[in-house]
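Protein chains in written order, with the working numbering: chain V, 12 to 256; chain H, 1314 to 1634.
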Amino acid sequence: MKILVCLSIVPDTTAKISFTDGDTKLNKTGVQFIAGPYDDYALSRAVDLKEQLGGTVTVLNVGDADGEPIIRKALAVGADDAIRVNAEPRDAYFVAEQIAAIAQRESYDLILMGRESIDFNGGQVHGIVGEMLGLPSYSPVMKLEITGHTAQLTREIEGGKELLEAPLPLVLGCQEPIAEWKIPNMRGIMTARTKPLNVVEPTGQDSLTQATRFELPPAKGAVKMIPAAEAETLITLLRTEAKVL
Amino acid sequence: MSVLIFAELDQGEVKVASLEALYYGANVAQELQTSATALVIGTTSADLASLGQYGVTKVLHVSDEKLNAANALAYASVLAAAVELEQASVIVIAKSSLGDTLAARSAGKLKAGLVSNVTELPDTSNGFRVKHSIYTGKAFAITEMREGRKILTLKKNVVSPELSQATASVESFSPSIPETDFVAKVIQTEKATGEISLSDADIIVSGGRGMKGPEHWKPLEELAEALHAATGCSKPVSDLDWRPHHEHIGQTGLKVSPNVYIACGISGAIQHLAGVNGSKVIVVINKDPEAPFFKAADYGIVGDVFDILPRLTKAAREQLV
């Protein structure tokens, strides 16, 4: 089993978001960066599958050198090697092109990533990579088992879930509870230092979209408290004041 | 050049979120001085000509039973064929489980720029710029979409459709779809029927650990029923298996943007807020006056959910007919 896991590197879920340079750039001061939580689930499942079936797990990130400690952490939880495409992840199409270019050379059985990155929440990359490689893609996948050359996967659908069976190779966008997050142990951290982290230059064309400016949501007005004894007035207020019922 | 809107069917009816997408797409078409076409995939007895009320002049209908099960790969092939037929330059899709994958596959197929979670009509005064939600609702970006085809996925509640009397012409459409799109075998589908889906809901009543256990959900469900609302839950609740995972709202679950979000016994962790901050009005009911959720709320009630919920249900039944 040859598995590629694509990692996005994003601000922590609890990070306070603000912008600089006339609202054209994320203010990185005080912001901790992490591997995308959904990507982390994908990585954990990949490592479990490797332990179960044998094979290799390669992690791939499109980003600058600042992300290398996070890539090393992925190696510490059990990936065998890593590739960093040395470019700013300009948009989903650009990132997908980088992934597809590498996948074309290496023919992976599985290409896993999170259902979406938690910075731009696009949820686009797996589908675009699937099209570029002519492979099926499914998302969001909550459960994944491999038997021989077939994947059984449970996908969340509106109001429920769906169990699918599809032949490998596949591209999958993952989400919980596909696996438990792994915490690297000391041995993992030590071995990760010597695992290969190859840096390659980007290929392909420019992005199709470009964020030009950022905005924060308008400040929320003060909460209107309703005494518990008069709880019923909530329904009236929603009707006549907020006009949403 | 035209605008194509995917109108998603759910149990044979066009989804509410898709009706908003039709109206949005028709508005974009007007701005670009072109026409808007709807694409409906699957068999339906709905009156498709009436979609004209939302501003589309034509409906392409792919009436194929094989496509009644939502298969994003096959749908993307159909959509790409419709884009060619209509010479569409802008494609609008309402966000949903199907819509998200359809948009991504179509972007790859058509080499189209794709912006997800769009929250406003585009600015076409100088190029094509759209505003969309990022950082799980903590911010917005204004993104320039370059020359060429563009795909937008829309958040719910971006527009409030104003209906006209117009009817659309309905044309049947049967593009060829590659067999490889049907490579996955669907072994089993579990879908709650008859419930209002969370992504389509105008009102959501949601419960957290303060509900004390799955056996106590009845008062919450009764309020939801009285308000014609969908039910949701916080992550701990779905982790504990009190409620199904598809009801989980938050950073790693569903992101919703209803008119009203009523949180019952949810303290309001930042990860939960990330899933609901697009809501127009937030109501928080919690016995803990220090619950952080109150800071993000429009209306708050400090009290016992098991006392408050039945009273709200009674009031709703009396006032809403």
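Here a beta-carbon is modelled for each residue, glycine too, at the ideal position from N, C-alpha and C. Note that the structure is a prediction, hence the values are computed from the model and not measured.
Which of helix, strand or coil DSSP assigns to residue i
{"i": "H:H1561", "result": "strand"}
{"i": "H:E1433", "result": "coil"}
{"i": "H:D1323", "result": "strand"}
{"i": "H:I1621", "result": "helix"}
{"i": "V:E127", "result": "coil"}
{"i": "H:V1518", "result": "strand"}
{"i": "H:F1453", "result": "strand"}
{"i": "V:K61", "result": "helix"}
{"i": "V:R250", "result": "helix"}
{"i": "H:E1492", "result": "helix"}
{"i": "V:Q109", "result": "helix"}
{"i": "H:I1509", "result": "coil"}
{"i": "V:R56", "result": "helix"}
{"i": "H:S1485", "result": "strand"}
{"i": "H:G1426", "result": "strand"}
{"i": "V:P100", "result": "coil"}
{"i": "V:Q221", "result": "strand"}
{"i": "V:G199", "result": "helix"}
{"i": "H:S1636", "result": "No statement about residue 1636 of chain H is possible, as the shown extent of chain H runs from 1314 to 1634 and does not include it."}
{"i": "H:K1627", "result": "helix"}
{"i": "H:E1535", "result": "helix"}
{"i": "H:A1576", "result": "strand"}
{"i": "H:G1613", "result": "strand"}
Residues that residue i contacts on chain V, provided the C-beta gap is smaller than 8 angstroms
{"i": "H:Q1564", "result": "T24, P48 and I129"}
{"i": "H:S1409", "result": "E169"}
{"i": "H:L1625", "result": "A242, E243, L245 and I246"}
{"i": "H:I1406", "result": "Residues of chain V passing the Cβ test: none, with the nearest at roughly 12 angstroms."}
{"i": "H:V1581", "result": "Going by the sequence as given, residue 1581 of chain H is Gly instead of Val. Chain V residues near H:G1581: none, gap ~11 angstroms exceeds 8 angstroms."}
Interface partners of residue i on chain H, CB under 7 angstroms
{"i": "V:I139", "result": "A1417, A1420 and G1421"}
{"i": "V:P147", "result": "L1386, V1496 and A1497"}
{"i": "V:K193", "result": "Correct list: empty, because the minimum Cβ distance to chain H is about 17 angstroms."}
{"i": "V:R250", "result": "Q1632"}
{"i": "V:P229", "result": "By Cβ distance, chain H contributes nothing, its closest Cβ being about 10 angstroms from V:P229, past 7 angstroms."}
{"i": "V:I28", "result": "Y1448, K1451 and A1452"}
{"i": "V:S150", "result": "T1414"}
{"i": "V:V255", "result": "N1572, V1573, K1593 and V1594"}
Presumed contact (8 angstroms Cβ cut-off) between residue i and residue j, rounded CB distance
{"i": "V:E127", "j": "V:G138", "result": "V:E127 to V:G138, Cβ: 11 angstroms. No contact."}
{"i": "H:A1320", "j": "H:V1353", "result": "5 angstroms"}
{"i": "H:P1464", "j": "H:S1390", "result": "The sequence given here has Ile at residue 1464 of chain H, not Pro. So it is not a contact: roughly 15 angstroms between Cβ atoms."}
{"i": "H:I1547", "j": "H:I1595", "result": "With the sequence shown as reference, residue 1547 of chain H is identified as Ser, and Ile is not the correct amino acid for it. Rounded, the Cβ-Cβ distance is 14 angstroms, inconsistent with contact."}
{"i": "V:V152", "j": "V:G184", "result": "7 angstroms"}
{"i": "H:F1607", "j": "V:V255", "result": "Not quite, the Cβ-Cβ distance comes to about 19 angstroms (not below 8 angstroms), so this is no contact."}
{"i": "V:Q115", "j": "V:L71", "result": "Actually they do not touch by this definition, with Cβ atoms about 13 angstroms apart."}
{"i": "H:Y1337", "j": "H:L1467", "result": "6 angstroms"}
{"i": "H:T1347", "j": "H:V1372", "result": "With 8 angstroms as the limit, H:T1347 and H:V1372 do not qualify as a contact, their Cβ atoms being about 16 angstroms apart."}
{"i": "V:V88", "j": "V:A53", "result": "Going by Cβ atoms, the distance from V:V88 to V:A53 rounds to 12 angstroms, so no, they are not a contact pair."}
Per-residue contacts from residue i into chain H (C-beta, under 9 angstroms)
{"i": "V:K235", "result": "A1610, D1611, Y1612 and G1613"}
{"i": "V:N38", "result": "By Cβ distance, chain H contributes nothing, its closest Cβ being about 11 angstroms from V:N38, past 9 angstroms."}
{"i": "V:T223", "result": "R1442, A1454, I1455, T1456 and E1457"}
{"i": "V:S118", "result": "Chain H residues near V:S118: none, gap ~17 angstroms exceeds 9 angstroms."}
{"i": "V:Q115", "result": "Within 9 angstroms Cβ-Cβ: nothing; V:Q115 doesn't reach chain H, min ~14 angstroms."}
{"i": "V:P178", "result": "V1496 and A1497"}
{"i": "V:M197", "result": "The premise fails here: V:M197 is roughly 28 angstroms from chain H at the closest Cβ pair, so nothing lies under 9 angstroms."}
Closer than 9 angstroms at the beta carbon, the chain V residues around residue i
{"i": "H:H1559", "result": "E167, I168, E169, G170, G171 and K172"}
{"i": "H:A1628", "result": "A242, E243, T244, L245, I246 and T247"}
Identity of the residues DSSP links to residue i by a beta bridge
{"i": "V:M153", "result": "Paired residues: none, contrary to the question."}
{"i": "H:Y1336", "result": "Paired residue(s): none; H:Y1336 is not in a bridge."}
{"i": "H:Q1501", "result": "V:L174"}
{"i": "V:S148", "result": "V:V182"}
{"i": "H:A1349", "result": "H:V1316"}
{"i": "H:S1446", "result": "H:F1453"}
{"i": "V:I14", "result": "V:V68 and V:L121"}
{"i": "H:H1374", "result": "H:V1353 and H:S1485"}
{"i": "V:E167", "result": "V:K172"}
{"i": "V:I139", "result": "Paired residue(s): none; V:I139 is not in a bridge."}
{"i": "V:D92", "result": "V:T69"}
{"i": "H:M1458", "result": "V:T220"}
Cross-chain neighbours of residue i in chain H, by beta carbon under 8 angstroms
{"i": "V:N132", "result": "S1429, N1430, S1446, I1447, Y1448, T1449 and K1568"}
{"i": "V:M220", "result": "For the record, residue 220 of chain V in the displayed sequence is Thr; it is not Met. Ordered by position in chain H, the residues that pass the 8 angstroms Cβ test against V:T220 are G1426, L1427, V1428, T1456, E1457, M1458 and R1459."}
{"i": "V:M143", "result": "G1421"}
{"i": "V:L175", "result": "A1497, K1498, V1499 and I1500"}
### Message
Using a Cβ-Cβ cutoff of 8 angstroms, what residues of the region 1318-1333 of chain H are near chain V? List them in chain order.
### Response
D1323
### Task
Using a Cβ-Cβ cut-off of less than 7 angstroms, give me the residues of the region 1507-1536 of chain H that come near chain V, in sequence order.
Listed by position, the residues of the region 1507-1536 of chain H near chain V (Cβ gap below 7 angstroms) are E1508, S1510 and S1512.
### Members of the region 96-108 of chain V near chain H, C-beta cut-off 8 angstroms
D102, A103, Y104 and A107
### Query
When you check each C-beta in the region 1334-1354 of chain H against every C-beta of chain V, which residues fall closer than 8 angstroms?
Cβ proximity to chain V below 8 angstroms picks out nothing from the region 1334-1354 of chain H.
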